[in-house]
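Student: What follows is a single structure, and I will ask about it in a moment.
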Amino acid sequence: MVFYFAPMEGLTTGVFRRLHARFFPGADRYFAPFLAPDGQGRVKDSALRELEPDRNADLDLIPQILCSTAEAFLSLSRELAAMGYEEVNLNMGCPSATVVPKHKGAGMLLDLRSLDAFLDKVFSGTALRVSVKCRLGLESTGEFPAVQELLKPYPLSELILHARDRKGLYQSTPDLKAFAEAYAASAVPVVYNGNLLSPAHYSVVMSTIPKLERIMIGRGAIANPALFRQLRGGEKLCAAELSDFLDALFSAYLSSGIGEYHSLGRMKEAWYYVNHMFPGAGRQLKAIHKARSAADYRAAVASLFSAGLFDADAHFPGSLPGAP
Ligand SMILES: Cc1cc2nc3c(=O)[nH]c(=O)nc-3n(C[C@H](O)[C@H](O)[C@H](O)COP(=O)(O)O)c2cc1C
């Protein structure tokens, strides 16, 4: 199996990716959170710095672009090519209400004719490999056959399918049946994504699509950063390594120049997921989320780990048909 770490805005930063790869090798490839260029294809220098090859040494990293015009996509792709990237991912899945009406992310599915024109320009205008990360539809997963028909002529390097429609945001139960049909009908490699949160979820996905070779995981691997290792038959996460990882992550944010307030913010975003590895630790977790200084934060984390509530079999909650 080939495992990908999903792009997650605010979570899978350069700092996170480097440390995750060091502490928990097991993801074959990381996808960077989206770059959203303006009409001329420009993004902030800080966004490009996140992708600098020397900051991502030894990582197989794919940048992602979220935009609605082929011109912006191509212009930013040229910049990424100049940085040494050979592949780029197109975000066709973001469900946000601020993105979709602008025909970006999942909003690209609003008008399939414009999408076709976009892809035509992109594939005739770039030498980079282009993959697509897409949902199964906007209002219904039944929309995907029409999207797949549209994608057919284009030489996608792979198709990453988040097995939900846009309406399902991050809550609905993934539609494994619709995914399996899309998988069977695809001429390009297909990657599964959506609610793969534990070994039991993995078994369900593999029993539904036994030939599947590529899987992308997001929230499950933020909550349990050893999930890829575990799915490869390795050791479960242990509390000591989780503690060391989170400690290194906080230190790395503090020394990255973003300051104490933002470093705490980044850690609290990660804890929103990691929380679930500590069932019943409501009081200790609350103290982490309330911490206003590095000292308070460290004391709260130490108190949580010493409470002995860590459970390596816990996971971020979410359903898959047939999984406990
Ligand atoms: C906080 C958050 C940020 C995300 N940021 C991105 C992003 O930048 N690009 C993208 O394609 N998907 C993004 N996603 C979607 C994830 O990559 C993934 O498709 C989704 O979480 C489903 O996979 P999972 O169930 O394994 O988490 C984000 C999801 C969340 C919850």
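Add 2 to the 1-based position in the sequence shown for my numbering, that's all there is to it. Ideal Cβ positions, reconstructed from N, Cα and C, are used throughout, including at glycine.
Can you tell me where the alpha helix (DSSP H) holding SER133 begins and where it ends?
Tutor: If you number the sequence shown from 1, residue 133 lands on position 131. Note, SER133: premise wrong, no alpha helix (DSSP H); beta strand (DSSP E) at 131-139.
Student: In angstroms with no decimal places, state the Cα-to-Cα distance between ALA228 and GLU145.
Tutor: Walking along the sequence shown from the start, residue 228 turns up at place 226. Walking along the sequence shown from the start, residue 145 turns up at place 143. Their backbone Cα atoms lie some 35 Å apart in a straight line.
Student: So what's ILE290 in DSSP terms, helix, strand or just coil?
Tutor: Position 288 of the sequence shown, counted from the start, is the residue given in the question as residue 290. ILE290: helix per DSSP, three-state reduction.
Student: Does PRO147 come out as helix, strand or coil in the three-state DSSP assignment?
Tutor: The residue labelled residue 147 in the question sits at position 145 within the sequence shown. In the structure shown, PRO147 sits in a helix (DSSP, three-state: H, G or I).
Student: Can you tell which of ALA254, THR175, ALA283, ARG131 has the C-alpha that lies nearest to the C-alpha of PHE18?
Tutor: Locating residue 18 in the sequence shown gives position 16, counting from the first residue. Out of ALA254, THR175, ALA283, ARG131, ALA254 has the C-alpha closest to the C-alpha of PHE18.
Student: Is it a yes or a no for the stretch 186-200 touching the stretch 155-172, going by three-plus beta-carbon pairs under 8 Å?
Tutor: yes
Student: Alpha carbons only, please: which of ILE219, TYR263, GLY324 is nearest the one belonging to PHE318?
Tutor: Taking the first residue of the sequence shown as position 1, residue 318 is located at position 316. Out of ILE219, TYR263, GLY324, the CA that lies nearest to the CA of PHE318 is found in ILE219.
Student: Would you say ASN197 touches ligand 1, meaning its beta carbon is less than 7 Å from a heavy atom?
Tutor: Within the sequence shown, numbered from 1, the residue matching residue 197 stands at position 195. Yes; taking the cut-off as 7 Å, the Cβ of ASN197 has a heavy atom of ligand 1 nearer than that.
Student: So, do the stretch 20-27 and the stretch 239-253 have three or more beta carbon pairs nearer to each other than 8 Å?
Tutor: yes
Student: For the alpha helix (DSSP H) holding MET3, just list the boundary residues, first then last.
Tutor: What you label residue 3 is simply residue 1 of the sequence shown in a count that begins at 1. Element bounds for MET3: n/a, residue is neither H nor E.
Student: May I have the straight-line CA-CA distance separating GLN150 from ALA316, to the nearest angstrom?
Tutor: Against the sequence shown, residue 150 aligns to sequence position 148. Against the sequence shown, residue 316 aligns to sequence position 314. Going by the C-alpha atoms only, they are around 36 Å apart.
Student: Using C-beta distances below 7 Å, list every residue in its chain close to PHE307, excluding the 5 sequence neighbours before and after it, in chain order.
Tutor: In the sequence shown, residue 307 corresponds to position 305, counting from 1. Excluding residues within five positions, the ones whose Cβ falls inside 7 Å are ALA241, SER245.
Student: In whole angstroms, what separates the C-alpha of GLU215 from that of MET208?
Tutor: Locating residue 215 in the sequence shown gives position 213, counting from the first residue. Locating residue 208 in the sequence shown gives position 206, counting from the first residue. Approximately 9 Å, taken between the alpha carbons.
Student: Take every Cβ of the stretch 286-297, pair it with every Cβ of the stretch 254-266, and state whether three or more of those distances are shorter than 8 Å.
Tutor: yes
Student: In whole angstroms, what is the alpha-carbon distance linking PRO65 and VAL124?
Tutor: In the sequence shown, counting from the first residue as 1, residue 65 sits at position 63. In the sequence shown, counting from the first residue as 1, residue 124 sits at position 122. Approximately 16 Å, taken between the alpha carbons.
Student: Please report the straight-line C-alpha distance between TYR172 and GLY320, rounded to a whole angstrom.
Tutor: As a first step, residue 172 is located in the sequence shown; it is residue number 170 there, counting from the start. As a first step, residue 320 is located in the sequence shown; it is residue number 318 there, counting from the start. Approximately 9 Å between the Cα atoms of the pair.
Student: Specify the secondary structure class of ILE224 as computed by DSSP and reduced to three states.
Tutor: Taking the sequence shown and counting its residues from 1, one reaches residue 224 at position 222. ILE224 falls in the helix class under three-state DSSP.
Student: Between the C-alpha atoms of MET94 and THR210, what's the straight-line distance to the nearest angstrom?
Tutor: Within the sequence shown, numbered from 1, the residue matching residue 94 stands at position 92. Within the sequence shown, numbered from 1, the residue matching residue 210 stands at position 208. Cα-Cα distance, rounded: 25 Å.
Student: Using the beta-carbon count (16 or more within 10 Å), is GLU237 buried or exposed?
Tutor: In the sequence shown, residue 237 corresponds to position 235, counting from 1. Answer is exposed; the Cβ neighbour count stays below 16.
Student: Counting only the same chain and skipping the five closest in sequence on each side, list residues whose C-beta sits under 8 Å from that of LYS106.
Tutor: Here residue 106 refers to the residue found at position 104 of the sequence shown. Contacts found: ALA38, LEU68, CYS69, SER70, ASN93, CYS96.
Student: Tell me whether the beta-carbon of ALA202 lies closer than 8 Å to the beta-carbon of PRO326.
Tutor: Numbered from 1 along the sequence shown, position 200 holds the residue referred to as residue 202. Numbered from 1 along the sequence shown, position 324 holds the residue referred to as residue 326. It is a contact, given that the beta carbons lie within the stated cut-off.
Student: So, under 8 Å CB-CB, PHE1 and LEU311 are touching, yes? Tell me the CB distance rounded to an integer number of Å.
Tutor: Here the chain covers residues 3 to 326 and nothing more, so residue 1 does not appear.
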